[in-house]
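K.L.:
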Amino acid sequence: DPRLTASSPGTATHCPYCALQCGTRLSGVRGAVEVRPDPDFPVNRGGLCQKGWTAPDVLGVPDRLATPLVRGADGRLAAAGWDEALDLVARRLREIRAAHGPDALAVFGGGGLTNEKAYTLGKFARLALGTSQIDYNGRFCMASAAAAQIAAFGVDRGLPFPVTDLGGADVVLLAGANPAETMPPLLRHLDRPDLIVADPRRTRTAERAALHLQPTPGTDLALALGLLHIAVTEGLVDKAYVDERTTGFDAAWARAVAWWPERVEAVTGVAVSELRAAVRMLAGAERAYVLTGRGAEQHSKGTDTVAAFINLALALGLPGRAGRGFGTLTGQGNGQGGREMGQKADQLPGYRLLTDPAAREHVSRLWGVPPDRLPGPGRSAYELLDAIGEAGGPRALLVVGSNPVVSAPAAGRVTERLGRLDLLVVADFVPSETARLADVVLPVAQWAEEEGTLTNLEGRVLRRRRLLDPPPGVRGDLEVLHALAVRLGEPAERYPCAPREVFAELREATRGGPADYSGISYERLDAGAELYWPCPEGSTGTPRMFLDRFAHPDGRARFAPVEHRDPAETPGPGFPLYATTGRVLAHYQSGAQTRRVARLAEAAPEPFVEMHPDTAARAGLADGQWALVRSARGAMRARVRCEPSLRTDTVFVPFHFPGAGRANLITHPALDPRSRMPEFKVCAVRVEAAP
Ligand code: SF4
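The opening position of the sequence shown corresponds to residue 4 in the UniProt record's numbering, with each subsequent residue numbered one higher.
Quick look at the structure:
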């Protein structure tokens with residue numbers, strides 16, 4: 004926008020949605036908030052997608068929650084005062100804990116929460132509730148990428164280099180990522196490089212690619228093994244780099260040696276010529292990057308799949324070198340910070356492990372409690388939800404910033420489990436599908452009404468700034484957690500309500516850890532410093548990681564010996580097709596926010612099932628007809644959308660829609676053994692006419 008300059012007015016903040024965290028300037032008053040892209044923020048360079056342009060609409064959606072709701076004896080949610088709602092929640096939590104122990108209380112957080120909220124939520128769960136049972140929806144998003152990067156590099160930062168570096172690349176391989184729809188401004192950095200896209204669908208990103216590899220769903224790991232095989236057999240491995248900077252090549256090669264190109268073609272459906280072309284493009288480029296997204300990661304073998312792409316990148320000498328690299332494209336707004344701040348089942352703030360005695364000592368000293376007051380690791384997100392109603396499982400659940408009724412796998416089963424709870428409390432700013440099931444709903448502030456920080460997909464720490472006060476009756480999440488903690492007998496000063504105070508504490512919690520924020524402050528960020536973690540006190544942060552050494556003690560990256568295996572479910576009698584799930588441009592995650600924005604709802608109003616015209620015809624279906632997409636777990640209702648570019652053995656469904664249109668009614672809850680990531684990206688289905 005030419006009217007904007009560096010000194011243009013407005014509150015400088017960031018989009019409330021995805022991990023790109025596009026810079027914006029906000030101005031106006033409630034009911035007339037205007038958003039403009041920030042021309043000075045290098046990530047989006049003055050661009051926004053339609054979600055970002057319409058973000059102010061979320062502030063005033065007609066059904067915005069403005070008062071606590073408590074379910075009455077008649078079974079209905081009714082308005083209540085804050086004291087009444089909080090007293091009730093605290094009393095029921097105490098009763099359930101007294102009767103069933105602290106692990107009967109559980110917390111489910113979100114990857115959109117600010118760093119300050121994610122940090123406080125972890126502390127609240129472990130100290131105020133005393134439970135080990137906390138996890139968050141990032142388990143459904145980034146868990147496999149994180150597990151693979153930690154194993155390979157010693158630490159996980161989605162992109163260990165600035166997004167702007169991609170603009171200098173010659174070739175970029177995108178495995179299972181569709182930024183043209185999920186984060187369009189990223190394409191400003193992908194105009195120059197030749198793109199290789201691996202995706203079963205011909206997405207809008209694939210349409211721009213120099214080479215589109217279209218593997219059978221669930222075979223990305225075989226694809227990556229095949230690419231490594233070709234790199235080795237064609238003599239394209241960077242031997243000096245492998246010798247100097249890595250370990251484990253021989254073991255990885257011992258697995259990949261059996262994945263000769265013809266076998267890979269037979270398993271993935273990708274022609275040998277295309278496999279060879281991809282490797283030659285990558286190896287022949289002066290500057291190349293390999294990036295993965297949810298398409299490669301959301302599998303029961305997601306960690307190994309990411310590891311296989313890392314193996315390829317290591318063999319070609321890409322990670323930890325200027326102008327080259329490996330990375331994963333984080334999805335949720337604070338997907339990166341959210342996984343570092345202690346709301347993960349196995350972690351303390353600063354990406355420290357709950358099982359590490361030194362980490363327990365460090366964090367417990369900061370929190371003013373003995374180390375043995377910190378519980379051990381708890382269940383992962385799906386396992387936590389699935390244990391509800393089982394012996395020893397959760398009986399009370401606090402959900403903050405998440406909507407698992409729509410976003411969890413096997414959503415029908417999860418919804419039934421939520422119905423077994425003795426107490427479900429949801430903090431949200433709209434009556435999400437999960438909030439509608441709650442016993443108590445607590446209305447909280449949202450993006451432009453709050454201060455805080457988020458960490459975007461590059462590990463860059465950003466300030467979220469307040470333009471508006473929250474509406475009357477609405478409180479900040481930090482205030483809510485403070486009020487509940489005090490009612491549960493915790494010292495008030497342990498739960499500050501001011502984000503700045505929380506940040507000052509979380510800096511200390513992260514000090515010396517893998518994701519060190521100790522050199523970051525609101526003052527530095529507000530003065531315009533560009534700060535990427537690790538940022539030890541006194542440093543200027545680390546835009547590019549691993550240039551000298553990787554984060555393992557020996558400084559070397561690790562190859563991983565990985566092997567392909569089938570998905571938990573493949574097509575067969577009764578369910579002859581693959582189904583894969585994903586996103587559309589107009590909606591974000593479970594759609595709880597974007598479905599309420601009229602302009603976005605108009606752009607993408609209803610669930611659909613994308614299928615090849617021949618596949619539709621075989622099922623007796625026509626374009627525009629309502630259908631049921633049925634798996635062994637349930638059926639979703641969706642409108643048929645014929646798409647000739649799709650594989651004839653595959654259908655695609657978006658996961659943003661509620662009710663009978665929930666794609667997660669059909670998804671498989673098989674979990675990756677290491678990351679506990681569910682298999683969202685592949686299951687077996689049939690499609691039939693809806694009654
Ligand atoms: Fe940018 Fe993502 Fe917001 Fe779109 S949704 S404007 S890509 S941050």
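We put the beta carbon where it would ideally sit given N, CA and C, even for glycine.
By Cβ distance, which residues of its chain are closer than 8 Å to Thr117, with the 5 residues on each side in sequence left out?
P.N.:
What you label residue 117 is simply residue 114 of the sequence shown in a count that begins at 1. So the list reads Asn337, Gly340, Glu453, Gly455, Thr456, Leu457, Arg467 and Pro502, once near-sequence residues are dropped.
K.L.:
For the ligand SF4, which residues count as neighbours when the test is a C-beta closer than 6 Å to any heavy atom?
P.N.:
Result (chain order): Cys18, Tyr20, Cys21, Leu23, Gln24, Cys25, Asn47, Leu51, Cys52, Lys54, Gly55, Met186, Pro187 and Pro188.
K.L.:
According to DSSP, what are the bridge partners of Ala212?
P.N.:
The sequence position of residue 212 within the sequence shown is 209, counting from 1. The partner list for Ala212 (beta bridge, DSSP) is empty, contrary to what the question assumes.
K.L.:
Quick one: is Asp480 buried, meaning 16 or more other Cβ sit within 10 Å of its Cβ, or exposed?
P.N.:
Locating residue 480 in the sequence shown gives position 477, where the first residue counts as 1. Buried, because 16 or more other Cβ atoms sit within 10 Å of the Cβ of Asp480.
K.L.:
Report yes if the CB atom of Leu603 is closer than 8 Å to the CB atom of Thr57, and no otherwise.
P.N.:
Your numbering for residue 603 matches position 600 in the sequence shown. Your numbering for residue 57 matches position 54 in the sequence shown. Contact: yes.
K.L.:
Is Ile523 helix, strand or coil by DSSP?
P.N.:
Within the sequence shown, residue 523 is the residue found at index 520, counting from 1. Correct three-state label for Ile523: coil.
K.L.:
Touch check for the region 309–324 and the region 342–360: three-plus C-beta pairs under 8 Å?
P.N.:
Flag = no, the region 309–324 and the region 342–360 do not touch.
K.L.:
Below 8 Å, can you find three or more Cβ-Cβ pairs linking the region 552–567 to the region 578–598?
P.N.:
The region 552–567 vs the region 578–598: no contact.
K.L.:
Is Ser10 helix, strand or coil by DSSP?
P.N.:
As a working note, residue 10 is residue 7 in the sequence shown. Here Ser10 scores only 47 on pLDDT, less than 50, and its place in the model should not be relied on; the value that follows carries that caveat. If DSSP states are grouped into helix, strand and coil, Ser10 belongs with coil.
K.L.:
Would the beta-carbon of Val282 fall within 8 Å of that of Val273?
P.N.:
Mapped onto the sequence shown, residue 282 falls at position 279. Mapped onto the sequence shown, residue 273 falls at position 270. Cβ atoms of Val282 and Val273: not closer than 8 Å.
K.L.:
Identify, in the order they occur along the chain, each residue of the same chain with its Cβ nearer than 6 Å to the Cβ of Ala619, setting aside the five sequence neighbours on each side.
P.N.:
Taking the sequence shown and counting its residues from 1, the one referred to as residue 619 is at position 616. Same-chain partners within the cutoff: Val643 and Cys645.
K.L.:
Indicate whether Pro360 and Ala69 have their beta-carbon atoms separated by less than 8 Å.
P.N.:
Here the question's residue 360 lines up with position 357 in the sequence shown. Here the question's residue 69 lines up with position 66 in the sequence shown. Going by C-beta atoms, Pro360 is not nearer than 8 Å to Ala69.
K.L.:
How would you write the range of the beta strand (DSSP E) that Arg28 sits in, first residue to last?
P.N.:
Indexing the sequence shown from 1 puts residue 28 at position 25. Residues Gly26 to Val32.
K.L.:
Does DSSP classify Phe578 as helix, strand or coil?
P.N.:
Residue numbering aside, residue 578 sits at position 575 when the sequence shown is read from its first letter. It is a strand residue.
K.L.:
On a CA-only basis, which of Ala286, Pro556, Ala288 and Gly544 is nearest Phe156? Give me that one, please.
P.N.:
Walking along the sequence shown from the start, residue 156 turns up at place 153. Nearest of Ala286, Pro556, Ala288 and Gly544 to Phe156, Cα basis: Pro556.
K.L.:
Short of 7 Å in beta carbon distance, which residues of its chain neighbour Gly541, apart from the five on each side in sequence? Order them along the chain.
P.N.:
One-based indexing of the sequence shown puts residue 541 at position 538. Excluding positions up to five away in sequence, the list reads Gly522.
K.L.:
What number of angstroms, rounded off, separates the C-alpha of Leu130 from the C-alpha of Thr437?
P.N.:
Within the sequence shown, the letter at position 127 stands for residue 130. Within the sequence shown, the letter at position 434 stands for residue 437. Near 25 Å, if we compare the C-alpha coordinates of Thr437 and Leu130.
K.L.:
Suppose the cutoff is 8 Å on Cβ atoms and the five residues either side in sequence are ignored; what does the same chain contact list for Leu51 look like?
P.N.:
Here residue 51 refers to the residue found at position 48 when the sequence shown is read from its first residue. Excluding residues within five positions, the ones whose Cβ falls inside 8 Å are Cys18, Cys25, Thr27, Val38, Pro40 and Pro188.
K.L.:
Considering only the beta carbon of each residue, do Val685 and Pro610 sit closer than 8 Å?
P.N.:
As a working mapping, residue 685 is identified with position 682 in the sequence shown. As a working mapping, residue 610 is identified with position 607 in the sequence shown. No, the Cβ-Cβ distance between Val685 and Pro610 is not below 8 Å.
K.L.:
Hey, residue 696 and Gly63 are a contact pair by Cβ (cut 8 Å); roughly how many whole angstroms apart?
P.N.:
What is shown of the chain runs 4 to 694, which leaves residue 696 out entirely.
K.L.:
Using a 10 Å radius around the Cβ and a threshold of 16 neighbouring Cβ atoms, would you call Arg342 buried or exposed?
P.N.:
By 1-based counting over the sequence shown, the position of residue 342 is 339. Arg342 comes out buried.
K.L.:
For Trp536, which three-state DSSP category applies?
P.N.:
In the sequence shown, the residue the question calls residue 536 occupies position 533. Trp536: coil per DSSP, three-state reduction.
K.L.:
Taking a contact to mean a Cβ-Cβ separation below 8 Å, would you say Gly575 touches Ala687 in this structure?
P.N.:
By one-based count along the sequence shown, residue 575 stands at place 572. By one-based count along the sequence shown, residue 687 stands at place 684. Yes, these two residues count as a Cβ contact at 8 Å.
K.L.:
Could you check the C-alpha separation between Arg142 and Val36 for me, to the nearest Å?
P.N.:
Residue mapping note: residue 142 aligns to position 139 of the sequence shown, counting from 1. Residue mapping note: residue 36 aligns to position 33 of the sequence shown, counting from 1. Cα to Cα, the separation comes out at about 33 Å.
K.L.:
Quick one: grab the DSSP three-state call for Val656.
P.N.:
Position 653 of the sequence shown holds residue 656. Reduced to three states, the DSSP call for Val656 is strand.
K.L.:
Using DSSP with H/G/I as helix, E/B as strand and the rest coil, what is Gly49?
P.N.:
Locating residue 49 in the sequence shown gives position 46, where the first residue counts as 1. Gly49: coil per DSSP, three-state reduction.
K.L.:
Under DSSP, the beta strand (DSSP E) around Val366 begins and ends at which residues?
P.N.:
Locating residue 366 in the sequence shown gives position 363, counting from the first residue. Looking at the DSSP string, Val366 is not in any beta strand (DSSP E); the run it does join, the alpha helix (DSSP H), is Pro360 to Trp370.
K.L.:
For a test of the three-state rule: what should DSSP assign to Ile99, helix, strand or coil?
P.N.:
For this step, residue 99 is matched to residue 96 along the sequence shown. Helix.
K.L.:
Hey, Asp425 and Ala399: beta-carbon distance below 8 Å or not?
P.N.:
In the sequence shown, counting from the first residue as 1, residue 425 sits at position 422. In the sequence shown, counting from the first residue as 1, residue 399 sits at position 396. Their beta carbons are under 8 Å apart, which means Asp425 touches Ala399 by this criterion.
K.L.:
Leaving aside the five residues before and after Gly392 along the sequence, list all residues of the same chain whose C-beta is less than 7 Å from its C-beta, in chain order.
P.N.:
As a working mapping, residue 392 is identified with position 389 in the sequence shown. Cβ neighbours of Gly392 beyond the five flanking positions: Arg420 and Arg423.
K.L.:
Hey, which unbroken runs of the alpha helix (DSSP H) at 4 residues or more fall wholly within the region 199–255?
P.N.:
Listed in chain order, the complete alpha helix (DSSP H) runs (minimum 4 residues) inside the region 199–255 are 207–210, 223–236 and 242–248.
K.L.:
Just the Cα atoms here: how many angstroms apart are Ala209 and Val477?
P.N.:
Here the question's residue 209 lines up with position 206 in the sequence shown. Here the question's residue 477 lines up with position 474 in the sequence shown. Taking the straight line joining both Cα atoms gives about 43 Å.
K.L.:
What number of angstroms, rounded off, separates the C-alpha of Arg67 from the C-alpha of Asp90?
P.N.:
Counted from its first residue, the sequence shown places residue 67 at position 64. Counted from its first residue, the sequence shown places residue 90 at position 87. Each residue's alpha carbon lies about 23 Å from the other.
K.L.:
Taking only three categories from DSSP, how would you classify Arg677?
P.N.:
The residue given as residue 677 occupies position 674 in the sequence shown. In the structure shown, Arg677 sits in coil (DSSP, three-state: anything other than H, G, I, E or B).
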